[in-house]
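Some notes on the structure that comes next.
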Ligand SMILES: *Cc1c(COP(=O)(O)O)cnc(C)c1O
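In the UniProt record's numbering, the protein residues as written are 1 to 510.
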């Protein structure tokens with residue numbers, strides 16, 4: 001009996017080719033398709049219905065034996081049995097981002113129109129590399145790229161492509177920046193030229209910039225970070241000084257990466273001033289808006305991104321602030337011609353003559369070949385709930401973060417680093433009169449103890465060498481009461497740790 005009520009047809013007898021064919025998605029298997037997917041949806045719904053906390057607290061030692069015990073060479077045949085097993089190895093102990101007390105990383109609850117898109121796109125399974133594998137899918141993706149570029153204000157020559165995530169978008173943007181800089185400076189390809197290139201970003205910039213520099217063959221010191229101000233933004237005068245210093249050292253600044261929504265602080269670099277500096281210096285400006293892109297649709301806060309329209313390239317992560325399931329990201333460029341640095345023609349796939357025939361092959365713009373039709377999720381989201389709806393959700397979590405800041409700021413148990421622009425809060429438990437190392441360890445302990453209890457999940461980071469805790473609010477269902485309750489739990493765990501250790505130390509001395 002299936003939980004969803006739809007009966008899953010019994011498979012053909014045996015395990016041979018006939019039985020295997022029953023599992024192929026074809027015109028002959030539509031009853032099975034409907035019933036099996038309905039059953040999967042039902043199991044997820046049941047798990048979510050009973051999730052009274054974001055996490056069970058299971059550790060790798062609890063889960064590893066269960067996963068290891070599955071004999072992958074002995075199929076169960078029956079989807080219901082496989083889903084029962086999946087409950088034990090995954091669904092029961094997964095981390096649930098829809099839960100209002102999940103406050104850790106940049107993972108959002110997802111909107112149902114996007115889940116609908118996910119179901120459609122994986123069944124049809126278009127591949128976005130070429131027109132002859134996607135047809136209208138290519139046009140849907142292109143419309144969404146144009147729509148996003150329009151929201152940013154990149155101008156009539158803009159273009160871009162969907163990617164797997166912000167890491168990938170940043171890598172592609174920096175590849176284009178490297179090639180444009182090299183061409184403009186007349187540098188021949190080779191290690192000598194690469195070792196002279198520098199990328200400037202703030203100390204709060206994303207680590208994928210470092211990874212991209214390594215993948216792009218730049219030297220180990222290629223990324224120079226500019227210290228941030230008290231609000232964790234890149235000070236324009238410090239950026240200008242760093243550019244001048246690079247020049248004085250005979251180095252070539254190939255890109256400035258400004259961050260519109262730093263991962264830890266949600267701070268937005270002063271984009272208009274940074275754009276002025278880049279324009280004056282003739283340097284490629286990349287804006288990493290992986291987190292802050294939700295402001296593009298905010299009914300009240302779009303102005304926080306003013307200046308982004310002057311970027312040469314922009315990263316947006318729809319899977320962060322547009323409430324889309326992983327993966328959904330895009331890289332946008334002001335000048336579509338710069339995408340040629342990602343182009344390679346293969347006779348069997350995207351021959352050069354296809355360009356003359358005006359066949360739109362998205363692979364010409366992408367680092368990937370076979371590629372998911374992730375754009376469909378955003379399409380259905382815009383067509384069903386609309387951009388203002390998405391923006392209203394993001395606005396709500398930003399409001400909530402502002403309220404949480406007031407709570408923290410007024411609470412003598414805690415110290416909060418900066419007032420949020422977006423929806424993160426970095427803080428620590430720090431009652432008066434405790435030694436710095438004890439405070440450090442108590443915060444570390446509180447985070448782990450909270451995760452082990454599963455009652456709430458918060459993130460951790462370091463600020464000026466000291467351990468801090470972080471809330472990333474992306475769930476409009478999280479209330480002020482949730483935030484207050486989690487702060488009490490943190491204070492309880494941290495306080496218990498501090499008291500216990502102090503007592504131990506007194507015993508040791510005594
Ligand atoms: C999350 C994030 C990234 C990386 O994006 P992924 O989708 O995780 O690869 C890049 N930059 C910033 C500012 C981010 O917050």
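Backbone N, C-alpha and C fix where the C-beta goes; we use that ideal spot for every residue, glycine too. All values reported here derive from a predicted model rather than from experimental measurement.
Any non-hydrogen atom of ligand 1 closer than 7 Å to residue i Cβ
i: residue 104; result: no
i: residue 203; result: no
i: residue 497; result: no
i: residue 320; result: yes
i: residue 165; result: yes
i: residue 267; result: no
i: residue 208; result: yes
i: residue 317; result: yes
i: residue 313; result: no
i: residue 329; result: yes
i: residue 259; result: yes
i: residue 290; result: yes
i: residue 148; result: no
i: residue 418; result: no
i: residue 225; result: no
i: residue 461; result: no
i: residue 472; result: no
i: residue 170; result: yes
i: residue 263; result: yes
Terminal residues of the alpha helix (DSSP H) in which residue i lies
i: residue 50; result: 30-50
i: residue 427; result: No alpha helix (DSSP H) holds residue 427; the beta strand (DSSP E) holding it covers 424-429.
i: residue 363; result: That residue, residue 363, is in no alpha helix (DSSP H); it is neither H nor E in DSSP.
i: residue 294; result: Unbroken run through residue 294: none, as it is neither H nor E.
i: residue 91; result: First-last for residue 91: undefined, no H or E at that position.
i: residue 356; result: 352-356
Residue i - DSSP class collapsed to helix/strand/coil
i: residue 378; result: helix
i: residue 1; result: Its pLDDT being 49, under 50, residue 1 is placed unreliably by the model, and the measurement read from it follows with that caveat. Coil.
i: residue 224; result: strand
i: residue 335; result: coil
i: residue 318; result: helix
i: residue 548; result: Absent from the model: residue 548. The displayed extent of the chain is 1 to 510, so no value can be given.
i: residue 136; result: helix
i: residue 103; result: strand
i: residue 19; result: helix
i: residue 330; result: strand
i: residue 98; result: coil
i: residue 497; result: helix
Residue i - containing beta strand (DSSP E), residue span
i: residue 288; result: 285-289
i: residue 416; result: 414-416
Closer than 7 Å: residue i CB and nearest ligand 2 heavy atom
i: residue 107; result: Looking at this structure, you won't find ligand 2 anywhere; what it does contain is ligand 1.
Can you check the region 436-480 for any beta strand (DSSP E) of at least 3 residues that lies completely inside it and give the ranges in chain order?
457-463, 466-472
Entirely within the region 188-274 and at least 4 residues each: give me those alpha helix (DSSP H) ranges in chain order.
191-194, 208-215, 236-248
Considering only residues of the region 112-189, which uninterrupted beta strand (DSSP E) runs meet the minimum length of 3 residues and lie entirely inside it, listed in chain order?
159-163
Inside the region 379-412 only - alpha helix (DSSP H) runs reaching at least 4 residues:
387-410
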